[in-house]
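Counting along the sequence shown from 1, when you hit position 69 you're at 69 in UniProt numbering, and nothing is skipped either side. These notes are about the structure you will find just below.
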Amino acid sequence: MPPYPTGSWMPVALSADLPAGTVMPAQSPAGPVALWRTRSGRAAAFADRCPHRGMRLSHGFVRGETLACIYHGWSYAEAGNCQRIPAHPALTPPDTIRVATQHVEDGGGIIWISVGEPAAGPPRFEGLAPLRSMVAEAGIAALEAAAGTKAAGGLLDYTHDDRAVQLLLAPDGQARTLMHVLVDEDSNPDERIAASRAAEALRRAAEDIARAGIAR
Numbered sequence: 001m002p003p004y005p006t007g008s009w010m011p012v013a014l015s016a017d018l019p020a021g022t023v024m025p026a027q028s029p030a031g032p033v034a035l036w037r038t039r040s041g042r043a044a045a046f047a048d049r050c051p052h053r054g055m056r057l058s059h060g061f062v063r064g065e066t067l068a069c070i071y072h073g074w075s076y077a078e079a080g081n082c083q084r085i086p087a088h089p090a091l092t093p094p095d096t097i098r099v100a101t102q103h104v105e106d107g108g109g110i111i112w113i114s115v116g117e118p119a120a121g122p123p124r125f126e127g128l129a130p131l132r133s134m135v136a137e138a139g140i141a142a143l144e145a146a147a148g149t150k151a152a153g154g155l156l157d158y159t160h161d162d163r164a165v166q167l168l169l170a171p172d173g174q175a176r177t178l179m180h181v182l183v184d185e186d187s188n189p190d191e192r193i194a195a196s197r198a199a200e201a202l203r204r205a206a207e208d209i210a211r212a213g214i215a216r
């Protein structure tokens, strides 16, 4: 069962993985999104489909404070409204031409997308800092089985070789999971390397469990 019910927040990327002026694909509860950051540094999320010809907006490029489709260059502002159609430079695009948007919060080194209408902001993990993200070719249930414990609110506590690691989990389709590795904010480089290796060990174990499940 997905750990992010309606009214909550889903972590879709680390802030460091989305520099200003870039766009990347991500997965939200509503489906694929184009996650992008304006040149001035604000994060935004669009449905990953241009209203014009259906091209993925995650293949596009950021132009100032807008996201432009790579196909015909139609540009969209953060609110989703079309601002420019290169083939008709004198035209002011009608407000009916727009892309669906999702509410984004960027804080604590994590980019969150809302699941429905949350009553409060996304969680903050005091004393923890994001280290890296990785994708496991396994569902959350397989990760929980490999860790020997259940995730609470999407956060999985895992101990490997006496090293405690916190993993923030987000479903990425039916049998894939995005894992955000969190470490103590004052951890040293050796401890960060150990945490990364522990997360990789869990991923391998979970993928073995997932493959065995498929085989059965």
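Built from N, CA and C at the ideal position, the CB exists for glycine as well.
If we ignore side chains and look at the alpha-carbon of each, how far apart do residue i and residue j end up?
i           : j    : result
M134        : A13  : 10 Å
A16         : G109 : 7 Å
A79         : T101 : 7 Å
G21         : W36  : 7 Å
A175        : E137 : 6 Å
E65         : A30  : 24 Å
I140        : P32  : 19 Å
G7          : P123 : 12 Å
residue 262 : A212 : With the chain running from 1 to 216 in the structure shown, residue 262 is simply not present.
M24         : E105 : 16 Å
M10         : H52  : 28 Å
D184        : Q83  : 43 Å
Answer yes or no: does any C-beta atom of chain C fall closer than 8 Å to that of residue i?
i   : result
L18 : In the structure shown, chain C cannot be found, because there is only a single protein chain.
Is it buried or exposed for residue i, if we count other Cβ within 10 angstroms and need 16 for buried?
i    : result
M1   : Because the pLDDT of M1 is 41, which lies under 50, any placement of that residue in the model is unreliable, and the question is left without a value.
T92  : exposed
D208 : exposed
A147 : buried
S40  : exposed
H88  : exposed
P94  : exposed
A198 : buried
D190 : exposed
Would you list the residues sitting across from residue i in a DSSP beta bridge?
i    : result
H180 : S133 and L168
C82  : Y76
P32  : Q27
S8   : V115
A68  : F61 and S75
A43  : R37
**Prompt:** Which parts of the region 98-167 are runs of the beta strand (DSSP E), unbroken and 3 residues or longer, counting only runs that do not cross its ends?
**Reply:** 104-107, 110-115, 128-136 and 155-160
**Asked** Per the contact definition of three or more C-beta pairs closer than 8 Å, is the region 113-121 in contact with the region 139-157?
**Response** no
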